[in-house]
Amino acid sequence: MLTVQGRHLGKLDPTLYLSEEGEELYDIPPGHLGRIWFTVAYSRSSELLTVTIHKARNLRQCSLAGGASFCITGAEQVGTPNEDCLVQDFRVKIFLEQSERKYHMTTVKKQMVNPNFNEQFSFQVAAYGISQQALRLQVLGYDKRRRCRLIGYTSFSLASLDTASSENVELRTFRDIQLDTEDEISVCRHDEGAHPVTVPRRLRREKEEKTA
1 MLTVQGRHLG KLDPTLYLSE EGEELYDIPP GHLGRIWFTV AYSRSSELLT
51 VTIHKARNLR QCSLAGGASF CITGAEQVGT PNEDCLVQDF RVKIFLEQSE
101 RKYHMTTVKK QMVNPNFNEQ FSFQVAAYGI SQQALRLQVL GYDKRRRCRL
151 IGYTSFSLAS LDTASSENVE LRTFRDIQLD TEDEISVCRH DEGAHPVTVP
201 RRLRREKEEK TA
């Protein structure tokens, strides 16, 4: 069962820090893509949504050579690795699902499947519509050739925040990363300002068949 920790801004909860020490110890199921921890805070007076990306653990490594021909996740291993094409650098893209063009990106953590980010980002969100909004986190992976793959995503409904009964609310939680339903491949440059260009795999196959 998923557990979350919530508290008012400015108040310390000692039990929270005790629970963080052992939260990374969990059973890794087959096909696991990784888990990400983050905090969402909202201020009604300033209408400011603040998202802190803490860390990710057990991120999946995949080869970009010929699609996902090689993957490592936990103790699971399929195929033969190509070191130049193996995804081993990761970053997180953060945006509201209703306005993807306004997004933030963490820094790239190189050669880490268990990266610590501890980076904070802000969005302006009107109080009257916050319960209809959802936050999306996308995990992007890069290989040595600076090619990028969308590893997976997770969503967080802002309706989970109790903004009606409190002026300021903060919630720390985690989510497991999921495969994208449209099975997208991300292609992007390996720099801080890059915006991933996503191409559905089915469309890419159609294009390859036409040019064959």
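Here the sequence shown stands for residues 1 to 212, numbered as in UniProt numbering. Where is the CB? At the ideal position from N, CA and C, for every residue including glycine. Keep in mind it's a predicted model, so treat the numbers as computed, not measured.
Between the CA atoms of arginine 147 and alanine 159 - distance to the nearest angstrom | Distance between the alpha carbons of alanine 159 and arginine 147 is about 36 Å.
Taking the Cβ atom as the reference point for each residue, do serine 157 and alanine 134 lie within a distance shorter than 7 Å?
-> yes
Report the partner residues of arginine 91 according to the DSSP bridge assignment.
-> Leu140, per the DSSP bridge assignment.
Can you give the Cα-Cα distance for glycine 34 and alanine 56, rounded to whole angstroms?
-> 7 Å
Give the secondary structure of glutamine 111 by DSSP, where H, G and I count as helix, E and B as strand, and everything else as coil.
-> coil
Just checking my contact of leucine 140 with lysine 93 at CB under 8 Å: how many whole Å lie between their CB atoms?
-> 6 Å
Tell me, to the nearest whole angstrom, how far the beta carbon of phenylalanine 38 is from that of isoleucine 53; I am working on the premise that it is less than 8 Å.
-> 5 Å
Can the beta-carbon of valine 113 be found less than 7 Å from the beta-carbon of leucine 59?
-> yes
Considering only residues of the same chain and omitting the five flanking positions on each side of serine 155, which have a CB-CB separation below 6 Å?
-> Same-chain partners within the cutoff: Ala134, Arg136.
Taking buried to mean at least 16 other C-beta atoms within 10 Å of its own C-beta, is alanine 212 buried or exposed?
-> Low per-residue confidence applies at alanine 212: pLDDT is 47, beneath 50, and the placement is therefore not dependable enough to give any value.
Contact check, histidine 104 vs phenylalanine 117, beta carbons under 7 Å = Inclusion of histidine 104 and phenylalanine 117 in the CB contact set at 7 Å is not warranted, their separation being larger than that value.
Backbone secondary structure at isoleucine 130 - three-state DSSP = helix
From isoleucine 151 to glutamine 61, what distance separates their C-alpha atoms?
-> C-alpha separation (whole angstroms): 8 Å.
Whether valine 87 touches aspartate 176 by CB criterion (7 Å) = no
In this structure, what does DSSP give as the bridge partners for isoleucine 36?
-> Ala56, Arg175
Of the residues Arg149, Leu96, Arg101, which one's Cα is nearest the Cα of isoleucine 130?
-> Leu96
Report the three-state DSSP secondary structure of leucine 158 (helix, strand or coil).
-> helix
Which of the three DSSP states, helix, strand or coil, is assigned to glycine 22?
-> Glycine 22 falls in the helix class under three-state DSSP.
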